[in-house]
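So the structure is just underneath, and the comments pick up after that.
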Amino acid sequence: MAELYPVSEEWARRARVDSAGYDRLYGRSIADPGSFWLEQAKRLDWIKRPEIAGDWSFDEEDFHIRWFGDGKLNVAANCIDRHLTKRGNETAIIWEPDEPSEEARRYTYRELHAEVCRFANVLKAQGVAKGDRVTIYLPMIPEAAFALLACARIGAVHSVVFGGFSPEALSGRITDCDSKVVITADEGRRGGKRVPLKANVDAAAAHAPAMETVIVVKATGGDVTMQAGRDVWYHEAAAQVPAECPPEPMGAEDPLFILYTSGSTGKPKGVLHTSGGYLLWASLTHELVFDYRPGQVYWCAADIGWVTGHSYIVYGPLANGATTVMFEGVPTWPDASRIWQVVDRHQVEILYTAPTALRALMREGDQYVTATSRTSLKLLGTVGEPINPEAWRWYHDVVGGGRCPIVDTWWQTETGGHLITPLPGATALKPGSATLPFPGVDPQIVDAEGQVLHGAAEGNLVIARSWPGQMRSVWGDHERFFQTYFTTYRGKYFTGDGCRRDEDGYYWITGRVDDVINVSGHRMGTAEVESALVLHPKVAEAAVVGMPHDVKGQGIYAYVTLNAGVEPSDDLRNALRDWVRREIGPIATPDALQFAPGLPKTRSGKIMRRILRKIAEGDVSNLGDISTLADPGVVQHLVDTREGRG
Ligand code: WTA
1096 MAELYPVSEE
1106 WARRARVDSA
1116 GYDRLYGRSI
1126 ADPGSFWLEQ
1136 AKRLDWIKRP
1146 EIAGDWSFDE
1156 EDFHIRWFGD
1166 GKLNVAANCI
1176 DRHLTKRGNE
1186 TAIIWEPDEP
1196 SEEARRYTYR
1206 ELHAEVCRFA
1216 NVLKAQGVAK
1226 GDRVTIYLPM
1236 IPEAAFALLA
1246 CARIGAVHSV
1256 VFGGFSPEAL
1266 SGRITDCDSK
1276 VVITADEGRR
1286 GGKRVPLKAN
1296 VDAAAAHAPA
1306 METVIVVKAT
1316 GGDVTMQAGR
1326 DVWYHEAAAQ
1336 VPAECPPEPM
1346 GAEDPLFILY
1356 TSGSTGKPKG
1366 VLHTSGGYLL
1376 WASLTHELVF
1386 DYRPGQVYWC
1396 AADIGWVTGH
1406 SYIVYGPLAN
1416 GATTVMFEGV
1426 PTWPDASRIW
1436 QVVDRHQVEI
1446 LYTAPTALRA
1456 LMREGDQYVT
1466 ATSRTSLKLL
1476 GTVGEPINPE
1486 AWRWYHDVVG
1496 GGRCPIVDTW
1506 WQTETGGHLI
1516 TPLPGATALK
1526 PGSATLPFPG
1536 VDPQIVDAEG
1546 QVLHGAAEGN
1556 LVIARSWPGQ
1566 MRSVWGDHER
1576 FFQTYFTTYR
1586 GKYFTGDGCR
1596 RDEDGYYWIT
1606 GRVDDVINVS
1616 GHRMGTAEVE
1626 SALVLHPKVA
1636 EAAVVGMPHD
1646 VKGQGIYAYV
1656 TLNAGVEPSD
1666 DLRNALRDWV
1676 RREIGPIATP
1686 DALQFAPGLP
1696 KTRSGKIMRR
1706 ILRKIAEGDV
1716 SNLGDISTLA
1726 DPGVVQHLVD
1736 TREGRG
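With the numbering used here applied, the sequence shown corresponds to residues 1096 to 1741, in that order.
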């Protein structure tokens, strides 16, 4: 029996949703989704209120997904303008800089309004119009939030590229969605180091012919070269435009943003989210899962480059009129107490972070935590990967002093927001379980043949009906959207995750079942790392798998076959790791790289990844049936020359 942490009496009494409330909400959402969602939609400010909720089919003949299709709204107006009368002078954003000795900056909703309008006018002055794509490659500075909202205000579609991605990765993403405008900064700062963002954009330009204009925010004052006719300083352009910009009326199904994410095959795909359903999902989940109350300081310690930053730093909290913290730095700099110091400094009540950060901090020792007060904390959250019960208990007992429930939220870039998660006043917790579905979410566990398994069971996780926050397409490739998610199990959305449901109906995510690995909570397609490796002139072939890693959750293990005549060496190993880092970005750097004269393949030439995974895990006693291999001898060689954990 797993440990159970019941809901405290106080939480049950004062939370927005208690256990009976959850049963009621969930029951209605499934029994009568039409009226349930039209009622929930009232939480948004509509220019034209919708009369239709979900209109969708996951079947091939009639495949479509629409929510609130007859409604009109503006997302930025929902996140800013509608709060002005009641909360205009309250803090919308607290920005905590990388350098702890620097003052934090605060923006009220009124100031946010002016900043976003100005940014929107700068975009308009550069010719950006409704429907145009804008690539945002910024560090975690307030302008990143302004830029997202400015796009939303004028109906431009933003595509944020994480600041840790390389020029190559950036140019691919600019080109795929054909952005003519890129917003960047001179440099970013993280953990006392500088990241040359503008120089990366310059390097990307050669492979991004679509890019016509680069808007550059002065963040550090570092040296950059400005190209006449292409590059524009944001502060100069902003000085010439008014701080008033009317929000563009948008259809609920008009695109809001594209966010590239890794899949099991091919290039990263541009996940497309639209306006009404996405915003409703981000705001409703933010309010119920975090039990958010006006006036509370809420901190999601993610980066805006990932979906967590989109939904839970910007859109969800601001739609709810919250005070949201944006943090420029990293948890371990200047030392492992930084997060807890920021919590104390801003009296953070709700903290949302990733298991990988917790594991990294946990191994530094409790003294970094216990030296701080943390009495402001009321609720803790995690996201990104399964949390191991040891880290869960540390978070609960040491960080939260045993007082704070933990919401372990399972979701994906594709889902827009939380799908399986506790509600703090309603759900008894089990460390390591994301617990129960959010209202409107209909999860099923299926076996390899697609047979639905009932009761306690383990298999693959699918979602049997649409929800408002669901992605609507893969940018530029609607067929790929259908093929990727709706053909493995007909008529259902396939998550790519394995999952177990226990005797209490609780869901335990067991990790990806496809060729996606989860490194420090970041998705990486093994195919992407393989393509980067084989681009190297000395590499003939590469196969990449995940391996267990104490801090990152999963690390990257690469098997590399060199071209004939090339000798393996430690120098070459380092050179190849650097190569991948430059091609994709530091998060893709292989943790271990083994030179492999041959890879285990079937007679038809298919690489047997199952075997490579086992060798990478160090689980070589039971490699299963290798008799179907073209050359079973290569397996023993790989086992004998296995890399220690990098
Ligand atoms: C994993 C991040 C277990 C999962 C929001 C999913 C999780 C992938 C959890 C999506 C969790 C996310 N427990 N696994 N609470 N949250 N995952 O698109 O494998 O970057 O499919 O979205 O992360 O990663 P993505």
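For each residue, glycine too, the CB sits at the ideal point set by N, CA and C.
- Listed as beta-bridge partners of Met1619 by DSSP are Ile1612.
- Annotation: Val1425 to Gly1527 spans about 25 Å, alpha carbon to alpha carbon.
- For Cys1340, the three-state secondary structure derived from DSSP is coil.
- Pairing Thr1451 with Ser1615 gives a Cβ-Cβ distance under 8 Å.
- The three-state secondary structure of Glu1263, taken from DSSP, is helix.
- Leu1292 is a Cβ neighbour of Ala1280, given a cutoff of 8 Å.
- Three or more Cβ pairs closer than 8 Å define a contact, and the stretch 1212-1219 meets that threshold against the stretch 1246-1256.
- The DSSP-derived three-state label of Ile1706 is helix.
- Gly1479 sits in coil when the DSSP states are folded into three classes, being neither helix nor strand.
- In the DSSP annotation of this structure, the continuous segment of the alpha helix (DSSP H) that includes Glu1206 starts and ends at 1204-1220.
- Under the three-state reduction of DSSP, Asn1658 is assigned to coil, being neither helix nor strand.
- When secondary structure is reduced to three states using DSSP, Thr1583 falls in the coil class, being assigned neither helix nor strand.
- If you draw a 10 Å sphere on the C-beta of Ile1269, you find 16 or more other C-beta atoms in it, and that means buried.
- Around the beta carbon of Asp1666, fewer than 16 other beta carbons lie within 10 angstroms, which makes this residue exposed.
- Judged by their CB atoms, Ala1521 and Asp1227 are not nearer to each other than the 8 Å cut-off.
- Leu1099 is classed as exposed because its beta carbon has fewer than 16 other beta carbons within 10 Å across all chains shown.
- Closest in alpha carbon position to Leu1475, among Ala1251, Asp1386, Gly1648, Tyr1588, is Asp1386.
- Annotation: the stretch 1507-1584 contains the following complete segments of the beta strand (DSSP E) (minimum length 3 residues), in chain order: 1538-1541, 1552-1558.
- Residue pairing for Trp1603: DSSP places it in a beta bridge opposite Arg1595.
- Listed in chain order, the non-local C-beta contacts of Leu1413 below 6 Å within the same chain comprise Cys1174, local neighbours out to five positions each way being set aside.
- Beta-carbon to beta-carbon, Phe1241 and Glu1210 are separated by about 5 Å, close enough to satisfy the 8 Å threshold.
- At least 8 Å separates the beta-carbon of Ser1378 from that of Gly1324.
- Straight-line measurement puts the Cα of Ala1299 at about 15 Å from the Cα of Cys1272.
- Ala1529 has its CB nearer than 7 Å to a heavy atom of the ligand WTA.
- Here Ala1523 is near Pro1101, since their CB atoms are less than 8 Å apart.
- When the five nearest sequence neighbours on each side are left out, the beta carbons in the same chain lying within less than 8 Å of the beta carbon of Ala1637 are those of Val1624, Glu1625, Leu1628, Val1629, Ala1653, Tyr1654, Val1655, Thr1656, in order along the chain.
- Restricted to the stretch 1379-1433, the beta strand (DSSP E) segments that are unbroken, complete and at least 3 residues in length are 1392-1395, 1418-1422, listed in chain order.
- Using a 10 angstroms sphere on the CB of Thr1590, the tally of other CB atoms reaches 16 or more, which defines it as buried.
- Secondary structure remark: continuous alpha helix (DSSP H) runs of at least 4 residues inside the stretch 1239-1321, in chain order: 1262-1272, 1292-1300.
- If you compare the alpha carbons of Glu1105, Arg1433, Lys1275 with that of Met1306, the shortest gap goes to Lys1275.
- With a cutoff of 7 Å, Trp1487 does not count as near the ligand WTA, since its C-beta is closer than that to no heavy atom of the ligand.
- The stretch 1714-1728 and the stretch 1696-1706 touch, with three or more beta-carbon pairs separated by less than 8 Å.
- Under DSSP, Pro1350 shares a beta bridge with Thr1369.
- Residue burial is scored here from C-beta neighbours: Thr1470 has fewer than 16 other C-beta atoms within 10 angstroms and is therefore classed as exposed.
- Within the same chain, and ignoring the five residues on either side of Gly1129 in sequence, the residues whose Cβ sits closer than 6 Å to its Cβ are Ala1148.
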